[in-house]
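Trainee: Please read through the structure below; I'll follow up with questions.
Encoded structure:
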């Protein structure tokens with residue numbers, strides 16, 4: 001694995017090491033969503049969710065687009081689907097940790 005790939009992997013793993021971010025990603029497995037759709041479902045403030053979305057975006061996991069006043073997020077890195085598949089994508093399993 002090249003140095004660049006190692007850095008990328010570490011950035012992704014670090015981004016996945018937070019319960020709120022995992023919950024957000026699980027919602028985004030369903031498809032593109034705006035912050036206003038995400039924060040009530042993960043039971044966090046809009047500000048907290050926005051911060052966590054930026055972490056995921058900076059790690060290259062998500063991408064965003066602005067439509068009017070809303071910012072929509074979707075999964076950019078398809079390996080995220082594989083990660084959730086490997087771990088069974090069991091919502092209860094992820095939420096038991098939090």
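Residue numbers (our numbering): 1 to 98. Backbone N, C-alpha and C define an ideal beta-carbon position, used for all residues, glycine too. As the structure is a prediction and not an experimental result, all values here were calculated from the model.
1) Between which two residues does the beta strand (DSSP E) harbouring residue 65 extend?
2) Roughly how many whole angstroms lie between the Cα atoms of residue 8 and residue 69?
3) How would you label residue 28, buried or exposed, when you count the other beta carbons within 10 angstroms and need 16 or more for buried?
4) Going by DSSP in three states, residue 58 sits in which element: helix, strand or coil?
5) Taking 8 Å as the cut-off, is the C-beta of residue 57 nearer than that to any heavy atom in the ligand HEM?
6) Within the same chain, show all residues whose beta-carbon is closer than 7 Å to that of residue 34, passing over the 5 residues directly before and after it, in chain order.
7) Going by DSSP, what residues sit across from residue 74 in a beta bridge?
8) Give a yes or no on whether the C-beta atoms belonging to residue 86 and residue 53 are separated by under 9 Å.
9) What residues match up with residue 34 in a beta bridge as DSSP calls it?
Mentor: So, to answer that:
1) 62-67
2) 31 Å
3) buried
4) helix
5) Among the components of this structure there are no ligands whatsoever, and the ligand HEM is therefore not found.
6) 70, 71 and 72
7) 63
8) no
9) 72
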